[in-house]
Amino acid sequence: MPTHACCLSPDLIRNEVEYLKMNFNWRMKEVLVSSMLSAYYVAFVPVWFVKNTQYYDKRWSCELFLLVSISTSVILMQHLLPARYCDLLHKAAAHLGCWQKVDPALCSNVLQHQWTEECMWPQGVLVKHSKNVYKAVGHYNVAVPSDVSHFRFHFFFSKPLRILNILILLEGAVIFYQLYSLISSEKWHQTISLALILFSNYYAFFKLLRDRLVLGKAYAYSASRDSEQKFN
């Protein structure tokens, strides 16, 4: 598990973000490869043992492949992206900050600074970079204004519950589709397969909802304390 070091050095913050991006991409590749392999062995490998004189449902094999791959992806992401890891990414994104491109004609009368990589820029300041004008969005901003990967990192992890909410919506959609397929299914082997996958998805959905409720209260309490301290 990577660690987060709260520092005021822009170079160290950007280097930490680069390492976290590589680590996150590696975890996503692990999820993608593992889920595809699991779905392949479940849905397509048994077809190899079917004789030429026997019939197999191609549509059901493709549907089973998609259900197993999505369900396995959510379970693996829940394992590889725990709450502690998502909080680490959120803290790094908060320190990285973000820039919004603005029209130079609309801010010609406002003071504009030349962006430098050694400076930590406050919120709302305007800077010039690569012949464009950018406005600081975060409370602290050390990201490179023209770097799209920095913008994506801040977009996905600036809100600590965004990844968890995406997983909950995806898992809920899969469960809803599986329930519909289970009700409309008329073949016993499809019913058994859907029931087994649905049972694992119920457990994953329960854990996601539990983490969402606990972390939601924790972050709400932290935000209320910060607002009270600023007010005082």
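Residue numbering for the sequence shown follows our numbering, beginning at 185 and increasing consecutively.
By construction, the Cβ of each residue, glycine as well, lies at the ideal position given by its N, Cα and C atoms.
Looking only at C-alpha atoms, which of the options sits nearest to residue i?
i, options, result
"H313", "Q307, Q284, G322, F341", "Q284"
"F340", "A276, L264, G356, V294", "A276"
"V231", "N207, C291, K242", "K242"
"E301", "G308, P329, D271", "P329"
"Q298", "N316, V286, Y239", "N316"
"V215", "R198, A223, V332, L260", "L260"
"D395", "M206, A379, W372, I347", "I347"
"A320", "V332, F390, M304", "M304"
"L354", "L192, V229, Q262", "Q262"
"S406", "E200, D271, K235", "D271"
"K371", "Y240, N349, G308", "Y240"
"R198", "Y324, G356, N349", "Y324"
Hey, residue i and residue j are a contact pair by Cβ (cut 8 Å); roughly how many whole angstroms apart?
i, j, result
"L351", "L392", "6 Å"
"A388", "V226", "At roughly 17 Å, the Cβ-Cβ gap does not stay under 8 Å, so A388 and V226 are not in contact."
"S342", "A402", "At roughly 17 Å, the Cβ-Cβ gap does not stay under 8 Å, so S342 and A402 are not in contact."
"L273", "H338", "Actually they are not in contact, since the Cβ atoms of L273 and H338 sit about 10 Å apart, beyond 8 Å."
"L290", "L310", "About 10 Å separates the two Cβ atoms, so there is no contact after all."
"S333", "K205", "7 Å"
Ignore the nearest five residues each way along the sequence and tell me which others in residue i's own chain have a CB closer than 7 Å to its CB.
i, result
"T375", "L366, S369"
"I381", "L251, V252, S255, Q362"
"A223", "F249, V252, S253, T256"
"W244", "Q374"
"S377", "L248"
"V229", "none"
"P288", "V317"
Should residue i go down as buried or exposed, given a rule of 16 or more other Cβ atoms within 10 Å for buried?
i, result
"E202", "exposed"
"P194", "buried"
"R268", "exposed"
"P344", "buried"
"V326", "buried"
"G322", "buried"
"F383", "exposed"
"V358", "buried"
"F233", "exposed"
"N385", "buried"
"F335", "buried"
Apart from the five residues on each side of it in sequence, which residues of its chain come closer than 8 Å, Cβ to Cβ, to residue i?
i, result
"G400", "L345"
"L264", "R211, E214, V215"
"M220", "S253"
"L192", "M304"
"N349", "R396"
"S218", "T256, L260"
By Cβ distance below 6 Å, which residues in the same chain neighbour residue i in space, the five residues on each side in sequence not counted?
i, result
"Y318", "W283, K285, V311, P329"
"V398", "none"
"G356", "none"
"Q307", "A320, H323"
key: In chain order, each alpha helix (DSSP H) run of at least 4 residues that lies wholly inside the region 246-308   = As for any alpha helix (DSSP H) of minimum length 4 sitting wholly inside the region 246-308, the runs are 267-280, ordered along the chain.
key: Length-filtered (3 minimum) beta strand (DSSP E) runs lying within the region 311-340   = Correct list: 316-320.
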